[in-house]
Amino acid sequence: MDFLQFHPIYRVLICTSCGYAVVPGTVRSHLRNAHKGELSLSEINDYLRVVRTMDLEAPKLVQQTSIPPCSPPIPHLTLYLDGIACKLCESQPFVCRSEKFSKVHLKKIHGWTSGEKAGRPSKFQVAHSARETSFSKVTASPVACQTFYRSNFFRYFVVKPVMDSRLGSTFANLGNNATNSFPLSLEDQITLQLAQKLNATEPSLLGHGRHYTQVSPWLDTTQWTRYTQGHDLHQAARLIRLPDSYRLVGSTGTQAVDPADHHLLVILESFDRIIEQARNSLKEDRVNVFDQHRVNGFLHRRSAHRPLLHKLKNETYKMYKKVWKQLLCFLYRLVWQQQQPSLHCCLTAAQTVALSSVVERAAEVIQQRGDGDIGQELAAAQIAALDQATLLLCIALLDHALYKDIYDSVIVGFLAVLGIKKDGCFSEATNYT
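Be aware that the sequence shown starts at 9, since it is given in the working numbering, and climbs by one per residue.
Below you can see the structure in the form of C-alpha cells.
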C-alpha cells in the first residue's frame, strides 16, 4: 500500500504521507478527507479490505507503550527536533514541544516552582539572564521526538537519531542531550552502548554482524536483515548473477554450453525480444498518447500525469533490462531449480502457471535448435509462443497483492538481494538505485 504502512512491532498503521498513525476505525474517513482527490472510491475500498486483515493494537495501549529514549526514529513517523523532555520523570520522560505545557506538567505532576518573582526584572537579573535557570535544570532540550497519533491519543516520546559521520555532528550532539539528560534503565544503557560501539566500528566490519537495524533506519524500513536472516549473503547474491553468454545449441561456435543455464539464457533472449518489440511500437507511434499515460500510472485505473518516457539512450535501456533479467534469474534459480539459499517467497497461482509455461516453451525452442530439421514457420511459431509466455510471466510477477508478509512477493525478495554488495554488506539508501 502506497499511503499506509503497517509497523509489525507496535502494530500500528502509519500514513506515510501525513507522518502519523491512523486510529483503527478511522481509515476510511482519513483517506477520504486527508487524501481527497488522490484516491478513487475503489482504491479506498481496496485499502480497507487489506486493513481488515491486520491485527492492529488498541490506540490506548499504544499510547501507554514504553519506548526507550535511545531507540532510533520509527520509520514514516514525523521526526521533530525541538522537543523538551522532563528530567524528573523516572521511567518514561514527559515530552512536549512547548515551554508553557512543559511548565504545566512540572507544576502539576512534580510540584515544581520556577522560583521567579513576579514583576519587572531588575538590571541584575537581566544581566544574568543567560545563566542556567531552574527550568533548564529540570528539562532537557532540544531533543528529538515523535508521536504515533495526533488526536485523542497524542503523546510524544524521545528517540535518538542515527549518528552518521557523513552528516556531521548535528544529530550526534542532539542524541547525547536526549539520552544523558534523564536516567536510563540497565537494559536501555546496554542498548545505547551497543549502538555507540556499532557506530564507531569500521564499515567493513559491519558486514560480519549483518543484523544491525538499530544503527540503520534504512534496513529497519526495508527489513532486509529479517528476510535474509540465517542465510549467507554471498550465496544469496549468486542467485541474481547473469549467466555467462554462450553459443546456443545448433549455432556455429565451439564454446561449451552450461546445462544449468541453458533454459535461462533462452528465456533472457526472449525478454530482449519483447523489450525491442515494445520499443519499436512506441517509436512507430503504434501506442497512442492516452495509452502511454495509462501505462505510466502506478495506481489501478488511474493514468499518470505524464506519458511513458521511452526516448532513452541504448545504454539506459541496457541498464534497465539488466535489472529485470536479474529478477528472472532470481525467480528461475530460486523457485524452478530450488538453488540455495532457500529464501522465502510465495508465488500466486497465475505466477506458478506462467513460470511453468515459460520453461516448457523454452524447452521446445532448445529442442528444435538441437534437431535442426524443423521448418522456419514452425520455428517462428515456437519463438512467438515463448515470447508471449515470457510477457505473461512478467505481468504476473507485477500482479501480486500483498496482504501479509511483503516478502511473499518474489519481486520484493529480489530487491533485497539486489541490495547486497560485493563485500557482503547491504547498500545504504544513498547508494541503492
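Even glycine gets a Cβ: it sits at the ideal position worked out from N, Cα and C. Keep in mind the model is a prediction, meaning the values are calculated, not measured.
The beta strand (DSSP E) enclosing residue i, as first and last residue numbers
i, result
"I92", "Y88 to C94"
"I22", "V20 to C23"
"S417", "Premise fails: S417 is in no beta strand (DSSP E) and is neither H nor E."
"L250", "That residue, L250, is in no beta strand (DSSP E); it is neither H nor E in DSSP."
"Q13", "L12 to H15"
"V31", "Per DSSP, V31 belongs to no beta strand (DSSP E) and is neither H nor E."
Where residue i falls, given that 16 or more other Cβ within 10 Å makes a residue buried
i, result
"T236", "buried"
"Q375", "exposed"
"Q354", "Correcting the residue type first, residue 354 is Cys in the shown sequence and not Gln. Exposed, since its Cβ has fewer than 16 Cβ neighbours within 10 Å."
"V167", "buried"
"I403", "exposed"
"P16", "exposed"
"H271", "buried"
"L39", "buried"
"E165", "Before going on, a small fix: residue 165 reads as Phe here, not Glu. Under this definition F165 is a buried residue."
"F338", "buried"
"I22", "buried"
"A208", "Residue confidence is low: A208 scores 47 on pLDDT, short of 50, so the model does not pin down where it sits. Its coordinate-derived value is still stated next. Classification for A208: exposed."
"S37", "exposed"
"S417", "buried"
"Q359", "buried"
"A437", "exposed"
"L317", "exposed"
"Y415", "buried"
8 Å Cβ cutoff met for residue i and residue j
i, j, result
"S149", "I92", "yes"
"A393", "R369", "yes"
"A424", "T230", "yes"
"I428", "A268", "no"
"L399", "I283", "no"
"T86", "G27", "yes"
"L410", "K333", "no"
"V112", "V151", "no"
"L351", "H242", "no"
"Y88", "Q154", "yes"
"C142", "S122", "Before going on, a small fix: residue 142 reads as Ser here, not Cys. Yes, they are a contact pair."
"I248", "L406", "no"
"K108", "T147", "no"
"F422", "L335", "yes"
"R289", "D395", "Rather than Arg, the amino acid found at residue 289 in this sequence is Ser. No, the pair does not count as a contact, with Cβ atoms beyond the cut-off."
"V343", "P315", "no"
"V303", "V373", "no"
"T356", "H313", "no"
"P225", "P77", "no"
"P169", "P81", "yes"
"A387", "V366", "no"
"K329", "D280", "yes"
CB contact check: residue i to chain B, cutoff 8 Å
i, result
"V295", "Protein chain content of the structure displayed is limited to a single chain, and chain B is not contained in it."
Residue i in three-state terms, based on DSSP
i, result
"L320", "coil"
"K429", "coil"
"L355", "coil"
"L363", "helix"
"H38", "helix"
"V274", "helix"
"P315", "coil"
"P150", "strand"
"F161", "coil"
"C337", "helix"
"L256", "Legend: pLDDT at L256 = 44, less than 50; position of this residue unreliable, value from coordinates given subsequently. It is coil, neither helix nor strand."
"T121", "coil"
"V166", "strand"
"F1", "Only positions 9 to 441 of the chain appear in the structure, and residue 1 is not among them; the question remains open."
First and last residue of the uninterrupted alpha helix (DSSP H) at residue i
i, result
"P67", "P67 to Q71"
"Y235", "W232 to T236"
"F298", "V297 to V303"
"Q347", "Run containing Q347: none; DSSP gives neither H nor E here."
"R57", "L49 to R60"
"C402", "Q384 to L406"
"I117", "E107 to H118"
"Q100", "Here Q100 belongs to no alpha helix (DSSP H), and DSSP marks it neither H nor E."
"L241", "L241 to A245"
Residue i CB to nearest heavy atom of the ligand ZN below 7 Å
i, result
"L342", "Ligands in the displayed structure: none, and consequently the ligand ZN is not present."
Indicate whether the contact test is met: 3 or more Cβ pairs, each with one atom in the segment 39-54 and one in the segment 110-122, closer than 8 Å. no
Tell me whether the segment 56-72 and the segment 154-161 touch, counting them as touching only if at least three CB pairs, one residue from each stretch, are closer than 8 Å. yes
So, do the segment 24-39 and the segment 54-63 have three or more beta carbon pairs nearer to each other than 8 Å? yes
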